[in-house]
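Student:
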Amino acid sequence: MSLLAIFFVLLVAVEHFYIMVLEMFLLSSKSAKRTFGLTEEAVSNPQIRTLFANQGLYNGFLAAGLIFGLILDSPAVQLYFLGCVIVAALYGAATANVSILFKQGLPAIIAFLLVLFV
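In the numbering used here, each residue's number is its place in the sequence shown (first place is 1) plus 156.
1) Please name the residue, chosen from L257, L183 and F164, that lies closest to L222 on a Cα-to-Cα basis.
2) Within the same chain, show all residues whose beta-carbon is closer than 6 Å to that of Q211, passing over the 5 residues directly before and after it, in chain order.
3) Could you pull the start and end residues of the alpha helix (DSSP H) that M180 belongs to?
4) Would you mind listing the alpha helix (DSSP H) stretches within the region 247-274 that are 4+ residues and don't spill past its ends, in chain order?
5) What is the DSSP secondary structure of F187, reduced to helix, strand or coil?
6) Just to confirm the assignment, what range does the alpha helix (DSSP H) spanning T206 have?
7) Is the distance from the Cβ of A245 to the Cβ of G225 below 8 Å?
8) Should L183 go down as buried or exposed, given a rule of 16 or more other Cβ atoms within 10 Å for buried?
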């Protein structure tokens with residue numbers, strides 16, 4: 157596997173680990189509120205906090221799966237988790253914010269193609 161492919165897989169993993177931290181532990185921070193377009197009222201709602209924490213856990217699983225695939229040096233595992241990220245980005249772009257496709261989907265698509273062909 158090329159260093160460029162490893163770099164992009166790591167980039168996607170780090171991005172999703174960062175999202176997990178924002179959603180699970182730092183939802184009240186300026187960065188999280190700006191990133192997710194949330195008001196102070198929204199982040200103080202226990203139900204919203206629970207929903208974001210659950211979503212953050214899934215992002216953590218994506219990041220862990222990508223790291224696991226790198227440790228195993230398994231393109232199949234990497235492609236599976238990159239595919240999950242791409243599907244999630246497509247769904248997020250269709251239902252929440254189209255920028256998700258570029259911020260999360262594009263790096264995953266690039267990583268997917270690099271793992272597959274390089």
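We put the beta carbon where it would ideally sit given N, CA and C, even for glycine.
No experiment lies behind these values; they were computed from the predicted model shown.
Tutor: Based on what the coordinates show:
1) F164
2) E179
3) L159 to M180
4) 262-273
5) The sequence as given places Ser at residue 187; Phe does not occur at that position. In the structure shown, S187 sits in a helix (DSSP, three-state: H, G or I).
6) P202 to L228
7) no
8) buried
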